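Numbering (this note's numbering), first residue to last: 183 to 721.
Pasting the structure below:
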């Protein structure tokens with residue numbers, strides 16, 4: 183067993199035999215062991231020889247088998263290599279063919295591009311030659327044109343000198359005439375354009391304004407009033423004048439002191455006149471004096487009692503009148519102090535137009551127009567009613583009634599927009615709202631209604647004279663006539679001096695001059711009449 187690894191390659195039965203021999207030798211003595219060892223040696227040698235032969239035979243068999251396997255593998259490798267070579271050759275040929283085709287196409291495109299470039303080059307050469315020829319021709323034409331221009335300029339100068347000699351005018355004089363004619367033509371053109379623009383604008387504005395104004399005026403119609411500056415009280419007899427004066431004038435002094443008015447007693451039969459700047463005090467004095475005359479008891483104590491009683495009644499009447507107007511206009515939230523001031527306007531007149539009636543009329547106009555314009559109808563009526571409230575106290579406070587009314591409204595809690603619209607309706611302050619502009623328009627609309635306001639004869643005549651004088655101040659005007667109570671100015675012009683276009687310009691200039699130099703209610707229409715008449719006699 184000890185040497186079994188050495189002979190691992192011998193067959194199993196020889197191995198077993200060798201092992202048994204070694205075991206037997208170990209069980210004998212030394213002599214025997216030596217013999218046994220020799221026996222074992224020869225046996226081992228024989229075995230080794232047998233083993234070497236078997237191993238050589240096996241190695242030869244293995245070499246033959248390996249050789250056969252190698253030949254088979256080599257053959258397969260050669261077949262596979264041949265297939266790979268064939269496949270690679272096919273792919274190479276295919277790729278080479280494709281590249282050859284692409285190269286051929288690229289060469290064809292290059293050839294085509296070269297042909298195109300050659301054609302373009304030929305074209306450019308032709309154009310360059312053509313441009314050179316044209317440039318030479320242009321230079322020649324320019325030179326001829328320069329020479330022609332010089333010749334024309336020389337001829338023009340000769341013609342100018344000849345014309346100056348024939349006409350007897352220098353160049354500056356001729357230029358002035360031409361400019362004058364051009365200015366006349368431009369003036370005519372300006373008049374034509376202005377007239378056309380005015381006609382178009384007038385038609386558009388008249389159409390829109392007519393709808394709004396007519397609708398507002400149809401919805402409101404008020405009575406006309408007349409001027410009241412004094413109060414005349416009829417007497418039952420002239421002896422009543424003495425009783426009104428009293429002993430040493432104590433009665434008339436008591437009446438004037440209690441009411442703040444002036445009582446005029448003159449030669450007018452059976453009448454006395456009361457005058458005062460404050461219309462409310464004048465009305466109180468009138469009522470009190472009428473009641474005293476009816477009662478017959480006229481003395482200072484009775485006068486004071488009657489004036490106090492009438493004053494209380496007047497306060498209640500003022501509050502009632504203001505409240506009635508507010509209710510008619512359906513305006514809410516008005517402070518009592520403003521209601522009373524509105525009532526005071528019942529006794530105030532402006533150009534013979536009752537201010538309270540005028541304020542109510544303006545409120546109606548503003549409400550109607552505001553409804554059509556999409557504005558706040560309630561606020562518009564409120565502004566229209568309050569627009570002249572400053573006239574209720576303007577005899578007590580310095581300043582314009584519009585600004586006074588604005589301050590009065592602010593003190594009694596009205597909003598800034600309402601107060602500002604009242605303050606700007608006579609342009610005393612800047613207007614910054616549509617309600618302010620609407621208040622100005624409706625104020626003029628109410629004041630310009632026929633019969634709404636009247637003037638004294640003297641002022642009326644002065645206004646007509648001033649109007650006609652403005653019309654006569656323009657050159658080419660033959661005569662002027664103020665008609666329709668001064669609401670229209672008819673201007674008759676000399677047809678030889680004023681053309682049709684210049685007539686339109688004259689009308690515009692006259693209207694602008696009237697706006698700058700005159701103050702008047704409503705509007706004044708300027709009509710320029712140019713008429714040429716030809717006549718002859720048949721004999």
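Ideal Cβ positions, reconstructed from N, Cα and C, are used throughout, including at glycine. Model, not experiment: these values are computed from the prediction.
DSSP-derived helix/strand/coil call for residue i
i, result
"residue 310", "helix"
"residue 449", "coil"
"residue 497", "helix"
"residue 370", "helix"
"residue 702", "coil"
"residue 139", "Shown here, the chain extends from 183 to 721; a query on residue 139 therefore has no answer."
"residue 482", "helix"
"residue 344", "helix"
"residue 457", "strand"
"residue 444", "strand"
"residue 714", "coil"
"residue 420", "coil"
"residue 655", "coil"
"residue 693", "helix"
"residue 645", "helix"
"residue 408", "Because the pLDDT of residue 408 is 36, which lies under 50, any placement of that residue in the model is unreliable, and the number read from its coordinates should be weighed accordingly. Three-state result, residue 408: coil."
"residue 720", "coil"
"residue 512", "coil"
"residue 228", "helix"
Element boundaries [alpha helix (DSSP H), containing residue i]
i, result
"residue 520", "518-526"
"residue 465", "461-477"
"residue 137", "Missing from the structure shown is residue 137; the chain here goes from 183 to 721 and no further."
"residue 436", "432-441"
"residue 678", "First-last for residue 678: undefined, no H or E at that position."
"residue 428", "No alpha helix (DSSP H) contains residue 428, which DSSP labels as neither H nor E."
Cβ neighbours of residue i in the same chain (closer than 8 Å, five flanking residues each side left out)
i, result
"residue 684", "369, 370, 373 and 658"
"residue 655", "695"
"residue 212", "With a pLDDT of only 45 at residue 212, under the threshold of 50, the placement of this residue in the model should not be trusted; the figure read from the coordinates follows. Answer for residue 212: no residue qualifies."
"residue 720", "none"
"residue 499", "525"
"residue 265", "none"
"residue 472", "415"
"residue 433", "425, 426, 427, 480, 481, 482 and 485"
Integer-rounded CB distance, given that residue j should sit under 8 Å from residue i
i, j, result
"residue 668", "residue 645", "6 Å"
"residue 547", "residue 624", "4 Å"
"residue 480", "residue 447", "Contact doesn't hold; Cβ gap of about 13 Å is too wide."
"residue 469", "residue 443", "Actually they are not in contact, since the Cβ atoms of residue 469 and residue 443 sit about 12 Å apart, beyond 8 Å."
"residue 652", "residue 699", "6 Å"
"residue 575", "residue 586", "6 Å"
"residue 709", "residue 670", "6 Å"
"residue 445", "residue 496", "About 18 Å separates the two Cβ atoms, so there is no contact after all."
"residue 567", "residue 616", "Not a contact, Cβ separation roughly 17 Å."
"residue 412", "residue 457", "5 Å"
"residue 686", "residue 377", "4 Å"
"residue 460", "residue 577", "6 Å"
Residues near residue i in its chain [Cβ-Cβ closer than 7 Å; skip 5 each side]
i, result
"residue 414", "453 and 455"
"residue 505", "521"
"residue 595", "517"
"residue 660", "674, 675 and 676"
"residue 713", "677"
"residue 562", "548, 549, 552, 617 and 620"
Element boundaries [beta strand (DSSP E), containing residue i]
i, result
"residue 670", "670-675"
"residue 707", "707-711"
"residue 413", "412-416"
Sequence-distant residues of the same chain with beta carbon closer than 6 Å to residue i, five excluded per side
i, result
"residue 573", "530, 537 and 583"
"residue 404", "With a pLDDT of only 47 at residue 404, under the threshold of 50, the placement of this residue in the model should not be trusted; the figure read from the coordinates follows. Excluding positions up to five away in sequence, the list reads 539 and 543."
"residue 436", "482 and 485"
"residue 489", "440, 441 and 470"
"residue 190", "In this prediction, residue 190 scores a pLDDT of 47, lower than 50, which makes its location untrustworthy; no coordinate-derived value is stated."
"residue 679", "658"
Which runs of the alpha helix (DSSP H) spanning at least 4 residues fall entirely within the region 236-307, listed in chain order? Runs of the alpha helix (DSSP H) inside the region 236-307: none found.
Tell me the start and end of each unbroken alpha helix (DSSP H) in the region 514-591 that is at least 4 residues and wholly inside, in chain order. You should have 518-526, 537-555 and 559-568.
Restricting to runs no shorter than 4 residues, where is the alpha helix (DSSP H) found entirely within the region 587-624? Qualifying alpha helix (DSSP H) stretches, in chain order: 598-605.
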